[in-house]
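A.B. asks: Quick one: the structure is below, questions incoming.
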Amino acid sequence: MTLTRILGAVALVAVVGASIFALFIVPADVNQGDAQRIMYVHVPSAWLAYLSFGVTALSGIAYLWRRDLRFDAVALAGAEIGVMFTAFAIWGGMMWGRPVWGVFWQWEDPRLTTTALLLALYLGYLLIRRLTEDPYRRATRAAVVGIVAAVDIPIVHFSVEWWRGLHQGPTIGSPDKVLHPSAPGLFVIALVGMVVAFTIAWSWLMVRRYQLARIEWQIEEHGRLGRISAARRAALATSPPAGEPVAGPGVEGA
Amino acid sequence: MQDLGFIVAAYGVILGGLALYAGLLLRRLAAAREASLRIRRQAESAPPAPDSRA
Amino acid sequence: MNGLRADAAVAWAIARKDARAELRGRQATVSTLFFAALVLLLFGFALGPDARRLTEAAPGLLWLAIVFGSLLSVTRLHQLEVEDGALDELARYPVERYAIYLGKLLAGFAVVLVLGGVLLPVVAILYGISLGEAWPALVVTVLLGAIGLAAVGTFYAGVTVRMAAREVMLPLLMLPVVAPLLLAAVKATTAALAGDPLGDLGAWLQLLAAFDLVMIVAGAATYGYLLEE
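Going down the list, the protein sequences come from chains X, E and A. FYI, numbering that gives the first Met the number 0 numbers position 16 of the first sequence as 15, with every residue one higher than the one before it. FYI, numbering that gives the first Met the number 0 numbers position 42 of the second sequence as 41, with every residue one higher than the one before it. FYI, numbering that gives the first Met the number 0 numbers position 97 of the third sequence as 96, with every residue one higher than the one before it.
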């Protein structure tokens, strides 16, 4: 646990430090003005949204292969944290879009639309987890849904890119401009700094969420076993002692 | 700073959201650890289950 | 090789069984068609009466109607069996899981194909489009789109089949995933109707085919895990 605490402390310092740099020290962009600073939170969020999704999908595959519920806990952590960063990415994109494009939403921006779809996929994933009670069935369903959603993402990305291509999307103010800005040096440092800081924070969040998932599962298991043995006791109390066993320990809940 | 409102909105929600989520996580973790400890203590001090057979 | 032929036989048997069940309950097929046609009619009220706007929107509206219609039919193809417990029986047979998936996919494909085939002339009439020389391209587009919808739909029907909330969960899960299919199908249809002015018809059809392939493989690979519940 001490290692995680150190990670958390480093994450905090990194995020605060990088944010201060991005907000006050880095100069404003020649074209986009100060609004460009929003990219320093938008891009890391988007990166982590996709990373989390990848983790969820891969953990799902690992679960199907090994049937170890710890992989499912990782998948859950990835999905929950991923939803959060996806929402951040969309929010950041909109906050940047309004001053720079003049509108909050732009269909021709492939990243925005792909991220919106990513959010929908994530929410579906979390919902199906919530609606499945048995932990093993839940893990299996989630893994399978996560895998299909993950293979969809690249297709979505390509299709929206081609979609945009035909419309000669806005090259001025497109997110690609961020990576080729007018003053490369400091901008890149700010961006990389924020990406690194956010990723450290993400790692800490993943560890903690995983720990929480494991403990909550143990509590859940205990509750279920308690109900099973209580049912067994009740059945024994009402049936003659020489009778057959009523239910084995393999009985599943819903 | 130009477009201050949007910058504040962006950073505020994102950094604030991170902080909020982190805080919530830590709180849930503490509660879960406590509950888990309680269960373990119960199990250790409880009499043997009445449905155990010879 | 023998194993593969046996799997194909299984898939075909399942496909025929499902298709027959679907056609016997002809009511259900007809009401799905009716629903989809109604959707098209309602779009007319929502976006009309400017004929030009409707004509421009026609490809999008056609495919929306097909997608919504397929949501209905795909649910039903799985439901028939769950109600009899037949799905459990099926799962117990020592057949390759992917063969079951492919069989159900084929049945679903047939249904969506019928849907598309019926809606195309309806759209032509309601939104004033002449299909003319675009026929071959349109047929290919509908074929590829139907495969994709069947592949994704069969998969998610399998995921949600035992859930109480399946009627809302199936669309909720399926619709984001088919967004690229919708996009590509509409683009291809638009291009085909216009005589392919930009030369991008091929690209969109390739995207559709890629989507279909990826989804069939993913669905076939994972369907087995769903049956073991």
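Beta carbons: idealized from backbone N, C-alpha and C, even for Gly. These figures come from a predicted structure and were not determined experimentally.
1. If A145 (chain A) sits next to L174 (chain A), beta carbons under 8 angstroms apart, how far is it from one beta carbon to the other, in whole angstroms?
2. Can you check whether the C-beta of E215 (chain X) is within less than 8 angstroms of a C-beta belonging to chain E?
3. Compute the Euclidean distance between the alpha carbons of D17 (chain A) and Y92 (chain A), then round it to the nearest angstrom.
4. Three or more beta-carbon pairs under 8 angstroms between the stretch 162-180 of chain A and the stretch 120-138 of chain A, yes or no?
5. Should the stretch 65-81 of chain A be called in touch with the stretch 29-46 of chain E, which here means at least 3 C-beta pairs below 8 angstroms?
6. How far does the alpha helix (DSSP H) with I128 (chain A) in it reach, from first residue to last?
7. Helix, strand or coil, according to DSSP, for D133 (chain X) in the structure here?
8. Quickly, what does DSSP pair G225 (chain X) with across the bridge? List them, please.
9. Helix or strand or just coil, what does DSSP make of D195 (chain A)?
10. Are the beta-carbon atoms belonging to A76 (chain X) and A200 (chain X) less than 8 angstroms from one another?
11. Does any residue of chain E have a CB that is nearer than 8 angstroms to the CB of M254 (chain X)?
12. Three or more C-beta pairs closer than 8 angstroms, one from the stretch 141-148 of chain X and one from the stretch 178-197 of chain A: is that the case here?
13. List the endpoints of the continuous alpha helix (DSSP H) containing L200 (chain A).
14. Quick one, which residues of the stretch 170-199 of chain A are near chain X if we go by CB-CB under 8 angstroms, in chain order?
15. Using C-beta distances below 7 angstroms, list every residue in its chain close to A57 (chain A), excluding the 5 sequence neighbours before and after it, in chain order.
16. Taking buried to mean at least 16 other C-beta atoms within 10 Å of its own C-beta, is V250 (chain X) buried or exposed?
17. Say whether chain E places a C-beta atom closer than 8 angstroms to the C-beta of L204 (chain X).
18. Starting from E33 (chain E), follow the alpha helix (DSSP H) in both directions and report where the run begins and ends.
19. What is the DSSP secondary structure of D49 (chain A), reduced to helix, strand or coil?
20. Is there a C-beta anywhere in chain A that falls below 8 angstroms from the one on G168 (chain X)?
21. Please list the residues of the stretch 125-142 of chain X that have a C-beta atom closer than 8 angstroms to any C-beta atom in chain A, keeping them in chain order.
22. Our contact map puts W203 (chain A) next to A187 (chain A) with C-beta atoms below 8 angstroms; I'd like the distance itself, whole angstroms only.
23. Measure the alpha-carbon distance for V277 (chain X) versus A88 (chain X) and round it to whole angstroms.
24. Measuring only between beta-carbons, confirm whether L63 (chain X) sits less than 8 angstroms from chain A.
25. For L226 (chain A), which option in A:F34, A:A190, A:A209, A:Y97 has the closest C-alpha, if you only look at C-alpha atoms?
26. Please confirm if S44 (chain E) has its CB atom under 8 angstroms from at least one CB of chain X.
27. In whole angstroms, give me the CA-to-CA distance for L130 (chain X) and H156 (chain X).
28. Looking at the strands, I want to know which residues DSSP matches up with G32 (chain X).
29. Take F103 (chain X) and list the residues in its own chain whose beta-carbon comes closer than 8 angstroms to its own, dropping the five residues that flank it on each side.
30. Is the separation between the beta-carbon of I215 (chain A) and that of I99 (chain A) shorter than 8 angstroms?
31. Below 8 angstroms on the Cβ atoms is my contact criterion, and I expect A189 (chain X) with Y39 (chain X) to pass it. Report the Cβ-Cβ distance as a whole number of Å.
32. So that I know if they touch, is there some Cβ in chain X lying closer than 8 angstroms to that of T74 (chain A)?
33. Got a sec: is the Cβ-Cβ distance from A23 (chain E) to anything in chain X below 8 angstroms?
34. Does the CB of D151 (chain X) have a neighbour CB from chain A at under 8 angstroms?
C.D. replies: Once the coordinates are examined:
1. Going by Cβ atoms, the distance from A145 (chain A) to L174 (chain A) rounds to 17 angstroms, so no, they are not a contact pair.
2. yes
3. A straight line joining the alpha-carbon of D17 (chain A) with that of Y92 (chain A) spans about 17 angstroms.
4. no
5. no
6. No alpha helix (DSSP H) contains I128 (chain A), which DSSP labels as neither H nor E.
7. Three-state result, D133 (chain X): coil.
8. BP columns for G225 (chain X) are empty, so no partner.
9. coil
10. no
11. Absent from the structure is residue 254 (chain X), since the part of chain X shown begins at 0 and ends at 253.
12. no
13. 200-226
14. Near chain X, meaning a CB-to-CB distance below 8 angstroms, the residues of the stretch 170-199 of chain A are L171, L172, L174, P175, V176, A178, P179, L182, A183, K186, L197, D199.
15. V122, Y126, I128
16. The predicted model places V250 (chain X) with a pLDDT of 39, which falls under 50 and marks its position as unreliable; any figure quoted below should be read in that light. V250 (chain X) comes out exposed.
17. yes
18. Where E33 (chain E) is concerned, the enclosing alpha helix (DSSP H) stretches over 3-44.
19. coil
20. Below a pLDDT of 50, predicted positions are generally treated as unreliable, and G168 (chain X), at 42, falls in that range; the measurement from the model is reported next regardless. Not one chain A Cβ lies under 8 angstroms of G168 (chain X).
21. Of all residues in the stretch 125-142 of chain X, L126, I127, L130, T131, R136, T139, R140, A142 have a Cβ within less than 8 angstroms of some Cβ in chain A.
22. About 4 angstroms separates the two Cβ atoms, so the contact holds.
23. Because chain X spans 0 through 253 in this model, residue 277 (chain X) falls outside it and cannot be assessed.
24. yes
25. The shortest Cα separation from L226 (chain A) among A:F34, A:A190, A:A209, A:Y97 belongs to A:Y97.
26. Between S44 (chain E) and chain X, the shortest Cβ-Cβ separation is not below 8 angstroms.
27. Going by the C-alpha atoms only, they are around 29 angstroms apart.
28. X:D28
29. M93, G96, R97
30. no
31. Beta-carbon to beta-carbon, A189 (chain X) and Y39 (chain X) are separated by about 6 angstroms, close enough to satisfy the 8 angstroms threshold.
32. Under the 8 angstroms criterion on CB atoms, T74 (chain A) is classed as non-interfacial with respect to chain X.
33. Contrary to the premise, residue 23 (chain E) reads as Leu rather than Ala in this sequence. It does not: the Cβ of L23 (chain E) has no partner Cβ on chain X nearer than 8 angstroms.
34. Interface criterion met: the Cβ of D151 (chain X) is under 8 angstroms from a Cβ in chain A.
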